[in-house]
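> This is the structure I want to talk about, given as structure tokens.
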Amino acid sequence: MSRTASLLNDCFLHDKDRLRHNEVLDLLKERLTTVVGTEKCLLEETLGRFLSTPVVAPRNVPLHDNSAVDGYAFSHKDYQLSRTLRAGPVIAAGDLEHYAIDDKEAARIFTGAVIPDGADTVAMQEDCTVTDDQIAVPPGLKTGANLRKAGEDIKSGDIVTRPGKRLRPQEIASLASLGLSEIPVYRRIRVAIISTGNELLEAGGQTSIETGQVFDSNSAMLLALCASLPVTVSRLGIVPDVASAVEDTIARAAATHDVILTTGGASRGDEDHVVATIDRLGKRHAWQIAIKPGRPMTFGQIGDCVFMGLPGNPVAAFVCFLLYCRPALTILGGGEYLEPTRFPVTAGFTIDRKKPDRREFLRGWLTAGDSGPVAMKFERDGSGLISGLRAANGLIELDEETSSVTIGQTVSYIPFSEFGL
Ligand code: AMP
Ligand code: MG
Numbered sequence: 009m010s011r012t013a014s015l016l017n018d019c020f021l022h023d024k025d026r027l028r029h030n031e032v033l034d035l036l037k038e039r040l041t042t043v044v045g046t047e048k049c050l051l052e053e054t055l056g057r058f059l060s061t062p063v064v065a066p067r068n069v070p071l072h073d074n075s076a077v078d079g080y081a082f083s084h085k086d087y088q089l090s091r092t093l094r095a096g097p098v099i100a101a102g103d104l105e106h107y108a109i110d111d112k113e114a115a116r117i118f119t120g121a122v123i124p125d126g127a128d129t130v131a132m133q134e135d136c137t138v139t140d141d142q143i144a145v146p147p148g149l150k151t152g153a154n155l156r157k158a159g160e161d162i163k164s165g166d167i168v169t170r171p172g173k174r175l176r177p178q179e180i181a182s183l184a185s186l187g188l189s190e191i192p193v194y195r196r197i198r199v200a201i202i203s204t205g206n207e208l209l210e211a212g213g214q215t216s217i218e219t220g221q222v223f224d225s226n227s228a229m230l231l232a233l234c235a236s237l238p239v240t241v242s243r244l245g246i247v248p249d250v251a252s253a254v255e256d257t258i259a260r261a262a263a264t265h266d267v268i269l270t271t272g273g274a275s276r277g278d279e280d281h282v283v284a285t286i287d288r289l290g291k292r293h294a295w296q297i298a299i300k301p302g303r304p305m306t307f308g309q310i311g312d313c314v315f316m317g318l319p320g321n322p323v324a325a326f327v328c329f330l331l332y333c334r335p336a337l338t339i340l341g342g343g344e345y346l347e348p349t350r351f352p353v354t355a356g357f358t359i360d361r362k363k364p365d366r367r368e369f370l371r372g373w374l375t376a377g378d379s380g381p382v383a384m385k386f387e388r389d390g391s392g393l394i395s396g397l398r399a400a401n402g403l404i405e406l407d408e409e410t411s412s413v414t415i416g417q418t419v420s421y422i423p424f425s426e427f428g429l
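Residue numbers for the sequence shown follow our numbering, beginning at 9 and rising by one.
Written as structure tokens, this is what we have:
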């Protein structure tokens with residue numbers, strides 16, 4: 009196979025034959041669907057969950073016309089005849105009594121209190137002059153001034169949130185304002201995290217480490233990356249680079265999880281058993297993507313379990329998780345996949361030569377320039393440098409056609425917040 013050669017030694021070869029970033033995303037969107045059922049969840053536990061059924065507003069918010077300020081409520085018609093009105097009832101927020109004003113009367117009213125019958129406008133107390141039982145209201149108020157209409161936030165019958173919507177504090181506030189307490193959401197998908205590599209040592213609790221060993225940072229990183237998604241994670245630990253051990257662990261995980269995430273062992277080396285394992289146990293849909301970092305990224309399935317094999321290098325694993333696992337976990341979990349927004353910004357760095365036909369994701373951040381934000385990149389490129397991830401606030405994306413970058417050129421920047429981080 010001519011392809012094999014380019015996989016083994018790519019120093020001078022292009023990434024032309026590998027799947028491109030967009031092709032991989034299309035593949036994921038095409039092949040993946042929601043795999044979980046639904047459940048009712050207490051409102052206060054819905055942060056980050058995906059709504060499963062449209063929520064229809066059972067009532068108006070606010071329920072009643074009410075005052076937006078502390079002041080005086082009156083009829084605009086009376087006000088047009090005379091700006092001096094008689095003191096009427098006093099109405100506070102939470103007052104459940106029904107009030108009405110007489111002709112030429114102004115009610116003393118407080119923020120949030122129900123507008124009395126007969127009133128349609130409110131003047132702020134600071135702008136009014138009160139003498140005995142007369143209130144002088146300032147000129148120039150329009151009908152409806154300082155008044156909040158019933159249903160102006162949410163109308164009864166409105167669809168408040170749609171299925172697939174990730175529930176943020178804003179949505180939770182809206183649902184609470186409607187008085188809802190049990191919310192229909194998709195169940196959490198079950199995700200297994202496995203690190204592969206003979207060199208790996210469990211992080212935490214270890215007092216010594218030998219030359220040649222590496223603490224497993226990927227498991228902790230993936231666990232943390234999963235935290236913003238509605239998933240239940242099993243950490244299955246470290247598996248050595250032994251074909252039977254990789255196969256046993258993956259087969260066991262596949263039986264009880266919706267998704268398996270592995271790191272390491274996804275390349276073509278003699279000690280890399282992940283790809284061969286997927287071929288044996290299930291079906292591989294894609295392997296190797298024309299991106300940097302993260303080329304040896306594998307997708308497949310074992311029965312109904314989706315398999316995603318991330319590269320071992322922490323930076324590559326991080327980037328691939330954001331680019332591919334996060335969308336996949338979102339779609340499988342019933343969420344709506346939203347393409348991260350790219351912001352055109354000015355490059356504050358140079359790259360003399362970038363390989364064609366592959367997309368690169370640099371670790372970067374923005375600084376304020378004279379004419380808008382300027383993207384800076386972490387100076388070193390190594391995909392083992394977690395410090396680059398730490399320095400970064402986002403990814404600078406150089407597409408397949410880009411062959412160099414000069415200072416001042418427009419580049420595309422994706423803040424980490426676009427990935428829920
Ligand atoms: P691999 O993809 O297995 O060839 O690993 C590539 C590089 O990433 C090697 O330097 C590994 O030591 C390193 N690596 C692999 N897995 C992990 C992990 N779980 N934590 C930290 N580094 C890792
Ligand atoms: Mg390895």
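Note that beta-carbon positions come from the ideal geometry of N, C-alpha and C, so glycine has one too.
Quick caveat, the model's predicted, so the values are computed rather than measured.
Valine 43 by DSSP, collapsed to three states: which one?
Valine 43: coil per DSSP, three-state reduction.
> Please tell me whether, using a cut-off of 7 Å, the distance from the CB of proline 248 to the nearest non-hydrogen atom of ligand 1 is below it.
Proline 248: no, Cβ never under 7 Å from ligand 1.
> Considering only their Cβ atoms, is the gap separating glycine 172 from proline 238 smaller than 8 Å?
Their beta carbons are not under 8 Å apart, which means proline 238 does not touch glycine 172 by this criterion.
> Cutting at 7 Å between CB atoms, please list the residues of its own chain near alanine 228, excluding the five before and the five after it.
Closer than 7 Å at Cβ, skipping near neighbours: Ala211.
> With DSSP collapsed to three states, give me the class of glycine 396.
Note: glycine 396 maps to helix in three-state DSSP.
> Would alanine 158 and aspartate 73 be called neighbours here (beta carbons separated by less than 8 Å)?
A contact, by the Cβ cut-off of 8 Å.
> Cβ of glutamate 279 versus every heavy atom of ligand 2: is any distance shorter than 7 Å?
Checking every heavy atom of ligand 2 against the Cβ of glutamate 279, one is found closer than 7 Å.
> Report the rounded CA-to-CA distance for aspartate 25 versus proline 364, giving the unit in angstroms.
Rounded to the nearest angstrom, the two C-alpha atoms are 12 Å apart.
> What number of angstroms, rounded off, separates the C-alpha of leucine 346 from the C-alpha of serine 182?
Going from the Cα of leucine 346 to the Cα of serine 182 covers about 21 Å.
> Residues around ligand 1, please: the condition is that the C-beta lies closer than 7 Å to some non-hydrogen atom of it.
Spelled out in chain order, the answer is Ser203, Thr204, Gly205, Glu207, Leu208, Val222, Phe223, Asp224, Ser225, Asn226, Ser227, Thr271, Gly272, Gly273, Ala274, Ser275, Gly277, Asp280, Pro304, Pro319, Gly320, Asn321, Pro322, Gly392.
> Whether or not the segment 196-208 and the segment 255-266 are in contact is what I'm after, with contact meaning three or more pairs of Cβ atoms, one per stretch, closer than 8 Å; do they touch?
Yes, the segment 255-266 is in contact with the segment 196-208.
> Distance, Cα to Cα, alanine 336 vs phenylalanine 326?
Between alanine 336 and phenylalanine 326, the C-alpha separation is close to 15 Å.
> Out of Ser275, Asp140, Ser236, Ser225, state which residue places its alpha-carbon closest to the alpha-carbon of leucine 55.
For the residues Ser275, Asp140, Ser236, Ser225, the minimum Cα distance to leucine 55 belongs to Ser236.
> Mind listing, in chain order, the continuous alpha helix (DSSP H) runs of no fewer than 4 residues lying wholly within the segment 212-280?
Counting whole runs of 4 or more residues, the segment 212-280 contains the alpha helix (DSSP H) stretches 226-234, 251-264.
> How far does the alpha helix (DSSP H) with histidine 293 in it extend, from its first residue to its last?
Taken as a continuous stretch (DSSP letters only), histidine 293 belongs to no alpha helix (DSSP H), being part of the beta strand (DSSP E) at 291-295.
> Can the beta-carbon of glycine 372 be found closer than 8 Å to that of methionine 384?
Against a cut-off of 8 Å, the Cβ pair of methionine 384 and glycine 372 comes out as a contact.
> Under a three-way DSSP split, which group does lysine 24 fall into?
Lysine 24 falls in the coil class under three-state DSSP.
> Let me know if alanine 121 comes out buried or exposed under the rule of 16 or more other beta-carbons within 10 Å of its beta-carbon.
Buried: at least 16 other Cβ atoms inside 10 Å.
> How is aspartate 125 classed by DSSP in three states: helix, strand or coil?
Three-state result, aspartate 125: strand.
> Suppose contacts are defined by Cβ-Cβ distances below 8 Å. Is valine 69 in contact with isoleucine 162 by that definition?
Yes, they are a contact pair.
> Report yes or no: do the segment 187-194 and the segment 276-294 share at least 3 C-beta pairs separated by less than 8 Å?
No, the segment 187-194 does not touch the segment 276-294.
> Rounded to whole angstroms, what's the CA-CA distance from lysine 48 to threonine 61? Just pull it up for me.
For lysine 48 and threonine 61, the distance between alpha carbons rounds to 10 Å.
> At 3 residues or longer, and completely inside the segment 41-99: list those beta strand (DSSP E) runs for me, N to C.
DSSP runs (the beta strand (DSSP E)) wholly in the segment 41-99: 46-50, 79-82, 92-99.
> What does DSSP give as the partner residues of tyrosine 194 in its beta bridges?
Note: tyrosine 194 sits in a beta bridge opposite Thr46.
> What does a CB cutoff of less than 6 Å around arginine 198 pick up in its chain, not counting 5 residues either side in sequence?
Closer than 6 Å at Cβ, skipping near neighbours: Thr240, His265, Asp266.
> At the level of alpha carbons, what is the spacing between glutamate 53 and glycine 45?
C-alpha separation (whole angstroms): 17 Å.
> With a threshold of 8 Å between beta-carbons, can leucine 50 be considered close to chain C, or not?
You won't find chain C in this structure, because it holds only one protein chain.
> What is the DSSP secondary structure of serine 420, reduced to helix, strand or coil?
Residue state, collapsed to three classes: strand.
> Pop quiz: proline 66 and leucine 186 are said to be a contact at Cβ under 8 Å. What is the actual Cβ separation, rounded to whole angstroms?
Contact flag correct, Cβ pair sits at about 6 Å.
> Pull the bridge partners of methionine 316 from the DSSP assignment, please.
Methionine 316 pairs with Leu269, Phe307.
> For isoleucine 415, which of helix, strand or coil comes out of DSSP?
The answer is coil: DSSP assigns isoleucine 415 none of H, G, I, E or B.
> Measuring CB atoms only, is the segment 22-41 touching the segment 103-121, in the sense that at least three cross pairs come out at less than 8 Å?
No, the segment 22-41 is not in contact with the segment 103-121.
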